[in-house]
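Using UniProt numbering, the first residue of the sequence shown is number 1, and each one after it goes up by one. Backbone N, C-alpha and C fix where the C-beta goes; we use that ideal spot for every residue, glycine too. Everything on this sheet refers to the single structure shown next.
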Amino acid sequence: KVKSNDLDVKVAGSEMETEEKGTEEESTRESDSNILDVSSDYPREKHISIQRHLADLEKLANLKEDEKKPCPLCPEEKFRACYSHKLHRHLQNLHWKVSVEFEGYRMCICHLPCRPVKPNFVGDQTFSKMGAHYHCIICSATITRRTDMIGHINRHVNKGETESRFITVPAPKSSHEVLKELATDVQVLPNYCTPQKTDSYFNPKMKLNRQLIFCALAVLAEERKPIECLDAFGATGIMGLQWAKHLRSSVKVTINDCNENSVTMIQENCHLNKMKVKLNTKEDDSDEALGDGEENTDTIEVTKMDANVIMHLRSFDFIHLDPFGTSVNYLDSAFRNVRNLGIVSLTSTDISSLYAKAQHVALRHYGCNIVRTEYYKELAARIVIAAVTRAAARCNKGIEVLLAVALEHFVLVVVRVLRGPSPADDSAKKIRYLIHCQWCEERIFQKEGNMVEENPYQQLPCDCHGSMPGKTAVVLGPLWSGALFNTGFLRRMLLEAVQYGLDEAQPLLKTLACEAECTTLKHFTTHSPCDENKQEECGVYIKTPNTSTESYLVPGKRKSDEVIRNAAKRQKAENSAEHPAFYYNIHRHSIKGMNMPKLNKFLCYLSEAGYRVSRTHFDPMGVRTNAPLAQFKTILMKYSTPTYAGGQAEGPLHRAEDVQAGEQVEAAADDKVEDAEFLEDDKSRVGDATFTKDYPTHCAAD
């Protein structure tokens, strides 16, 4: 009997434990899913921790510079009242960065006493710890961990419960936001900056990129009208709308996208800007929009197909490629049907591979071996141009690089297409390998030819291989070794930017024009057409010698043609001097313990030494010059001053090698002056015959 009673007690105890576990599971289920059944609080006001923007969260705090304000999401014992700058950092770092996003709203972490926690008894005192938590935007449940909150939201989405129960949350259909750029309105979805969360991606940071492409198209529209242009990846259609709205009848715009939602968004944006829409090349489906009592004759064709397909089916004068990532998958289709002297522009946003952060991806996509260098941005531009050149050569076409820009978020390349096997061969010959020294970062393109050299280190201007142990250089490439800019085209782009009021593109275009000519900005001048002795070439006024126009008016058709032909050859020879490849960073080669000169002054010093020099858009502290690295360092050392005050009285302290190099440069200059004086004295004393016998003619000319 005692044993049976014990068994009964054990069974009863187990039943009690199972009942307690059942009640706990039911309570957790109620906090997660069964809370949706409560209809008494529907709809309700949203919690203050759920906001759209960080500015909305700062409005709750009522930030003022002269007053201390408490945090709206933390109790006073956790975070005391402070000034606006400290409270702004607190809201951004503690609450906003760890928030959970859902349909344009951010569920920030909350430290207020909203979630009851079991008290802890320590002696005679009771401590109630209020933990951090999140408020669900759908069911108002409080979740402690961020990962649990994300899983909680995902369970709502899987059940089809995506509508919020708050009054202030609008419906998803009415959540379109209208943005304006270059007098063009486009409506976008809430998550328009995140391509993984929206069908119509719109990046406000690419505004400069869109302005550069617009200027290139405007220059092409001045050459021939009308031109057929294609935006192969339309997304919201902002770029094609800007083309059609400002260039009007000069262009026939086609906007393509393979996503159906994006095509719908493009049509709505066309109606928003009062443009006619021609969908899928069928005039029966075209929709017209009227504005101010007049019908706008501008028509935009919107297509829904793969970018490769439309470029295979139709021919265009201007094609722009802006896919998400690399654009090498669309180059063959772009060059297949593009018209002669047309333009192909492409924007590559796979900067992790182009900027040598993912070198294996660069080898897979572009077939190029690269390492991280001080000139990595220009290296990325030459990688893309090399891929473009190979794709064009496969279609028996050559290219002329008009523009190459590499900034923080993208690499933009604009090329002109030249049909024929001869231009294709000429372009393919400009693809070479680069020898890069890993010690001093000196670089030089390999010589033309297929013969194997015994010692390729001899091509480098530096002597690191002789003074350093082991292998000091690597071979990078294949890369584009030609010019990256066309000066005349850039100047015409600058005129178009001024005409259409593109303020952000004008400073960059001025820098690019100076970089193409390898000259400083102070020598870059804009002349008026009323000035004399100036010639207009491609919309740009260039200084010409003091020659009258009558000297060019030679009677006879044959002679006048010869003069024009000779002038064209002379101008072509003057423009054939390409800018130097790559650049040096002045900070990278600065001397330790020395204050280097200002960049503009250093450019003047290099120019006075007889080298071509300019700044570069690739690097704000970069110097593009044809000077070797040794001379670059010598001139930089010569005009640097010591950082400490004690050394100024004693003179600059340099390394022994640098001092010796500087003395050699100064001694060579003094010898040159002495030789010139000596030659003048000899001229006065000795006849011309003896002078030419003792000294070469080029020395006498000097």
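Across the set Glu-301, Ala-358, Ser-249, the C-alpha of Glu-301 shows the shortest separation from the C-alpha of Ile-255. The continuous stretches of beta strand (DSSP E) do not include Ala-609, and DSSP gives it neither H nor E. With a 10 Å radius around the Cβ and a threshold of 16 neighbouring Cβ atoms, Arg-364 comes out exposed. DSSP lists Val-413 as the beta-bridge partner residues of Ala-404.
Its chain contains Thr-389, Ala-393 as the residues whose beta carbon lies nearer than 7 Å to that of Ala-428, once the 5 sequence neighbours on both sides are disregarded; these appear in chain order. Beta bridge pairing from DSSP links Ala-473 with Cys-437. Going by DSSP, Tyr-355 is part of no beta strand (DSSP E) at all; its letter is neither H nor E.
Inclusion of Asp-298 and Ile-227 in the CB contact set at 8 Å is not warranted, their separation being larger than that value. One thing to note: Gly-482 has its Cβ no nearer than 8 Å to the Cβ of Val-384. Counting along the chain, the unbroken alpha helix (DSSP H) around Ser-467 starts and ends at 464–467. Secondary structure of Met-275 (DSSP, three-state): coil. Comparing C-alpha distances from Ala-497 to each of Ala-218, Leu-63, Ala-81, Lys-180 shows the shortest one belongs to Ala-218.
Shown here, Arg-491 sits in a helix according to DSSP, grouped into three states. With 16 or more other Cβ atoms inside 10 Å of its own Cβ, Leu-247 counts as buried.
Per DSSP, the continuous beta strand (DSSP E) segment holding Asn-256 begins and ends at 251–256. Looking at Ala-216, Glu-65, Ala-55, Met-594, the one whose alpha-carbon comes closest to that of Gln-506 is Ala-216.
With a threshold of 16 other beta carbon atoms within 10 Å, Leu-313 falls short and is exposed. Cβ-Cβ separation between Leu-606 and Ile-635: approximately 6 Å, consistent with a contact (criterion under 8 Å). Take Arg-52, set aside five residues on each side of it, and the residues of its chain with a beta-carbon closer than 8 Å to its own are Gly-104, Tyr-105, Arg-106, in chain order. Excluding its 5 nearest sequence neighbours in each direction, Pro-423 has C-beta neighbours in its own chain below 6 Å: Gly-398, listed in chain order.
Relative to the Cα of Thr-625, the nearest Cα in the group Tyr-644, Asn-595, Glu-578 belongs to Glu-578. The alpha helix (DSSP H) runs of length 4 or more contained entirely in the stretch 201–254 are, from start to end of the chain, 207–223, 238–247.
When DSSP assignments are scanned along the stretch 34–101, the uninterrupted stretches of alpha helix (DSSP H) that are 4 or more residues long and fall wholly within it turn out to be 54–61, 84–90.
For Gly-342, the closest C-alpha among the options Asp-257, Glu-223, Pro-75 is that of Glu-223. Residue environment: Ala-141 is assigned as buried (16 or more neighbouring CB atoms within 10 Å of its CB, all protein chains considered).
Under the 8 Å Cβ criterion, the stretch 317–326 counts as touching the stretch 342–360, having at least three qualifying pairs. Distance check between Tyr-583 and each of Glu-608, Val-623, Cys-193 places Val-623 closest, using alpha-carbon atoms only. When secondary structure is reduced to three states using DSSP, Leu-479 falls in the strand class.
Of all alpha-carbon atoms in Cys-440, Ile-50, Tyr-201, Phe-324, the one lying nearest the alpha-carbon of Ile-238 is that of Tyr-201. Counting the other Cβ atoms within 10 Å of the Cβ of His-436 gives 16 or more, which makes it buried. A contact between stretches requires three or more CB pairs, one per stretch, nearer than 8 Å, and the stretch 181–200 fails this requirement with the stretch 131–140. The three-state secondary structure of Gly-398, taken from DSSP, is strand.
Here Pro-72 is buried: its Cβ has 16 or more other Cβ atoms, across all protein chains shown, within 10 Å. Assigned with DSSP and collapsed to three states, Phe-485 falls in coil, not helix or strand. Beyond the five residues adjoining it in sequence on each side, Leu-230 comes within less than 6 Å, by CB distance, of Thr-254, Phe-316, Ile-319 in the same chain, given in chain order. Look at Thr-373 here: in three-state DSSP terms it is coil, with no helix or strand label.
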